[in-house]
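Numbering of the sequence shown is given in our numbering, commencing with residue -15 and proceeding in unit increments.
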Amino acid sequence: QGIVTGPDGNLWTASADKVIRIPPGNPTGETLFTLTSSASPAARGITVADGALWVADFAGGSNGAVVRVTTAGTQTPFPVSGGPQELAGSPGGAVLFTDPLASPQQIGRIAPGGQPQLTDRPQTDPFGVTFGPDGAWWLAEFSKGRIARVTLDGQVTTLDVSGINDPREVAAGPGSTLWVSLEQSKRVARITGVEVPPAPIVPPAPAVPPAGAVPDTTAPAVTALGLRPAAFRAAPGRLALGGKGRSRVTLALSEAATVRFTAERRVAGRRSGGRCVAPTRRTRRAGARCVRSLPAGGSVALALPAGTSRLAFSGRLARALRPGLHRLVATPTDAAGNRGAARRATFTILPPRRR
């Protein structure tokens, strides 16, 4: 049910109790090995990791195994209680497999030289799995109608996507995307923005002043912030010192500080109960018009010197900003841990040019 390029450059697949090599130019293939991992081997998914092939032995849905198979035929089975269906390797050699026939349903991780580390996923029907461009596994949880993300250390989060309610297989695509087959809908879905999360910015520990010294309690201040041009089209690349960008950010600091840049998307709202809220049928005509600020684009932190700095800005922080009116927010924190007030500057992301 699967086919991969093996570590030896040949294509490899597995069917029933056979592992099959398909040399380039020979479409008929060659049966090389017979699986011995269970009483009734039934191969399902196949992947490559840790310099070897890995095969999911469904074994009729109980007492199956995940099998490491070298291209020379050495087999190392990892027995499981259910019937594993799909698996995916990682660049570091670890493998994640799905086992919808276990009770309760499970996923499992196998690190090089280790044993299966199981995680219960009851009533999810975990099935197709891939290793994403963000350095984590992504798998289809069919019966829940969602996609799950599994980190290398086993942390699981889920992604509920409107319109995806029957995912079966998942594949990583170019441009930070995932592609999902929707079995009952007879459609294919694309998920964008699957990127490596930015490393958390850990502020430096406040310096311990020498005995008798007066501690620094003065917060840094952003004394000026502006963009020129203030309306531009987004381009590849993030906020950076120097470099190329569609706009230039000019920022002035009262002292050296780490400045965290975030963005707010400005959208229409209506006044209700003293707040600016999303327009509804009830508030569409009753409340006065207002402008709301919504988080957009993630954040970027840069260490900047005192005085004026000029930064290239492409319309992208941790991720790209959508066309529309925005505000750039700059919040400074100095080495002593003092946080200054945020300062904002308005700009507009123009829609892409029509080709």
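Backbone N, C-alpha and C define an ideal beta-carbon position, used for all residues, glycine too. Note that this is a predicted model, so its numbers are computed, not measured.
Suppose the cutoff is 7 Å on Cβ atoms and the five residues either side in sequence are ignored; what does the same chain contact list for Ala314 look like? Val206, Leu209, Leu235, Val243, Phe245, Ala326 and Arg327
Report, in whole angstroms, the separation of the C-beta atoms of Pro106 and Pro88, which I expect to be a contact under 8 Å. 4 Å
Can you give me the Cβ contacts of Gly13 inside the same chain, cut-off strictly under 6 Å, excluding the 5 residues immediately before and after it? Ile4 and Ile6
In whole angstroms, give me the CA-to-CA distance for Arg255 and Ala280. 22 Å
Count the other C-beta atoms from every protein chain shown that fall within 10 angstroms of the C-beta of Gln69, then say buried if there are 16 or more, exposed otherwise. buried
Applying the criterion that 16 or more other CB atoms from any shown protein chain within 10 Å of the CB defines a buried residue, is Ser21 buried or exposed? buried
What distance in whole Å lies between the Cβ atoms of Pro289 and Ala240, which are believed to be in contact at a cut-off of 8 Å? 5 Å
For Gly45, does the three-state DSSP call read helix, strand or coil? helix
Kindly indicate the opening and closing residues of the beta strand (DSSP E) around Arg250. Ala241 to Ser256
Can you tell me the Cβ-Cβ gap for Ala43 and Pro61, rounded? I've got them flagged as a contact below 8 Å. Contact doesn't hold; Cβ gap of about 10 Å is too wide.
Same chain, Cβ closer than 7 Å to Leu305, five either side skipped, listed in chain order: Ala218, Ala247, Ala280, Gly281, Gly299 and Ile333
Going by the beta-carbon positions, is the gap between Asn322 and Pro184 smaller than 9 Å? no
Spatial neighbours of Val164 in its chain, beta-carbon cut-off 6 Å, leaving aside the 5 residues before and after: Pro151, Val154 and Ala173
Do you know offhand how far Gly(-7)'s Cα is from Ala95's? 23 Å
CB contact flag (Leu312, Val233, <9 Å): yes
For Leu143, I'd like the list of residues in its chain whose CB is within less than 7 Å of its CB, leaving aside the five on either flank, ordered along the chain. Arg130, Ile131 and Arg133
With DSSP run on the structure shown, which of helix, strand or coil describes Ser21? coil
Just how far apart, CA to CA, sit Asp41 and Val64? 10 Å
Tell me the start and end of each unbroken beta strand (DSSP E) in the stretch 150 to 197 that is at least 3 residues and wholly inside, in chain order. 151 to 157, 161 to 166 and 171 to 175
Counting only beta-carbon atoms, is Asp109 nearer than 9 Å to chain C? Among the chains of the structure shown, chain C does not appear; only one protein chain is present.
Starting from the Cα of Thr114, find the closest Cα among Thr135, Ser127, Gly57 and Gly97 and give me that residue. Thr135
Residues bridged to Ala280 [DSSP beta-bridge criterion]: Ala247
Rounded C-alpha distance that separates Leu37 from Glu167: 27 Å
Taking C-beta to C-beta, are Ala156 and Trp122 nearer than 9 Å? yes
According to DSSP, which residues form a beta bridge with Lys128? Paired residue(s): none; Lys128 is not in a bridge.
How about Ile175 and Val145: are their beta carbons less than 9 Å apart? yes
With burial defined as no fewer than 16 other Cβ atoms inside 10 Å of the residue's Cβ, what is the status of Gly159: buried or exposed? exposed
Out of Pro307, Thr201, Ser293 and Gly73, point me to the one whose CA is closest to Arg340's CA. Nothing about residue 340 can be reported from this structure: the residues present for the chain run from -15 to 339 only.
Of the residues Gly196, Gly257 and Leu(-5), the one placed nearest Pro11, counting alpha carbons only: Leu(-5)
Residues bridged to Val79 by DSSP? Gly73 and Ile94
Does the beta-carbon of Thr31 have 16 or more other beta-carbons within 10 angstroms, so that it is buried, or is it exposed? buried
For Leu231, count neighbouring Cβ atoms within 10 angstroms of its own Cβ and tell me buried if that reaches 16, exposed if not. Checking the displayed sequence, the identity of residue 231 turns out to be Ser instead of Leu. So Ser231 counts as buried.
Assuming the contact rule is C-beta atoms closer than 8 Å, Gly66 and Ser46 should be a hit. Round their C-beta distance to whole Å, please. 6 Å
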